[in-house]
Amino acid sequence: KTSDAERVSNASNMAMLQSALSAILEVLVNPMGLVDMGLNIISVRDSWKQHHHSLEAGERLHLEALKVSQSQHSEALHHGLSQHQESIFVSKDQHDQSLHVSRVMHDEALSRS
6 KTSDAERVSN ASNMAMLQSA LSAILEVLVN PMGLVDMGLN IISVRDSWKQ
56 HHHSLEAGER LHLEALKVSQ SQHSEALHHG LSQHQESIFV SKDQHDQSLH
106 VSRVMHDEAL SRS
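In terms of the numbering used here, the sequence shown opens at residue 6 and continues consecutively.
Pasting the structure below:
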């Protein structure tokens, strides 16, 4: 005599077996369905790989551009600082020359008076 638990277990096993047989029958009747599913999986995988490679390439280009930008910025700052220092030296020289001329003229004016 079979118990209730055994009947439920047998029914469950039978349902799984029917499901598996149905899937096998579907593949035998329509093998292209399995091929289509496989192609879809391959297509998704390939798209993901391409997307991942694109992201990596974009990141590399971004980092290279950032390095170039930082280098150009540093170069521009250095150039600007050099020009500023040169401008200060020229201005100081002109100021010193102007002071010297003014002193000479002042001394000459004093000696005349």
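Ideal Cβ placement from N, Cα and C applies to all residues, glycine included.
- In the three-state scheme derived from DSSP, where H, G and I count as helix and E and B as strand, residue 45 is classed as helix.
- Per DSSP, reduced to three states, the secondary structure at residue 35 is coil, with no helix or strand assignment.
- Its chain contains no residue whose beta carbon lies nearer than 7 Å to that of residue 104 once the 5 sequence neighbours on both sides are disregarded.
- Assignment of residue 8 by DSSP, reduced to helix, strand and coil, places it in the coil class.
- Separation of residue 23 and residue 54 (C-alpha to C-alpha, rounded to the nearest whole angstrom) is 37 Å.
- Beyond the five residues adjoining it in sequence on each side, residue 91 comes within less than 7 Å, by CB distance, of no other residue in the same chain.
- DSSP places residue 118 in the coil class of the three-state scheme, outside both helix and strand.
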